[in-house]
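Worksheet: one structure, shown below.
Numbering (this note's numbering), first residue to last: 1 to 66.
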């Protein structure tokens, strides 16, 4: 059999679990969230009202998503 043995798997998973536990025990977040930016590319439609509706939906999304 060429794969890892059960004993090797248990050693590796125990080591990984200990590493994750010690990382979580530090008590601080691993990274701070970056400010999100959403870009949207749209072509002008042949029906002008659809452009107006798209702008309204984008503004509504911006208010909800902060």
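Yeah, the Cβ is synthetic: ideal placement off N, Cα and C, and Gly gets one too.
Have a look at residue 55 and residue 32 and give me their C-alpha separation to the nearest angstrom. Mapped onto the chain shown, residue 55 falls at position 55. Mapped onto the chain shown, residue 32 falls at position 32. Using only the alpha carbons, I get a separation of about 31 Å.
Nearest-angstrom beta carbon gap, residue 40 and residue 58 [assumed within contact, 8 Å]: Counting from one through the chain shown, the residue named residue 58 turns up at place 58. Counting from one through the chain shown, the residue named residue 40 turns up at place 40. That pair is a contact at about 7 Å.
Please go through the same chain and pick out, in chain order, the residues whose beta-carbon is closer than 8 Å to the beta-carbon of residue 18, but skip the five residues on each side of it. What you label residue 18 is simply residue 18 of the chain shown in a count that begins at 1. Around residue 18: no qualifying Cβ.
Can you tell which of 13, 61 and 2 has the C-alpha that lies nearest to the C-alpha of residue 38? Locating residue 38 in the chain shown gives position 38, counting from the first residue. Cα-wise, what sits closest to residue 38 is 61.
Quick check on residue 64: does DSSP put it in helix, strand or coil? For this step, residue 64 is matched to residue 64 along the chain shown. Note: residue 64 maps to helix in three-state DSSP.
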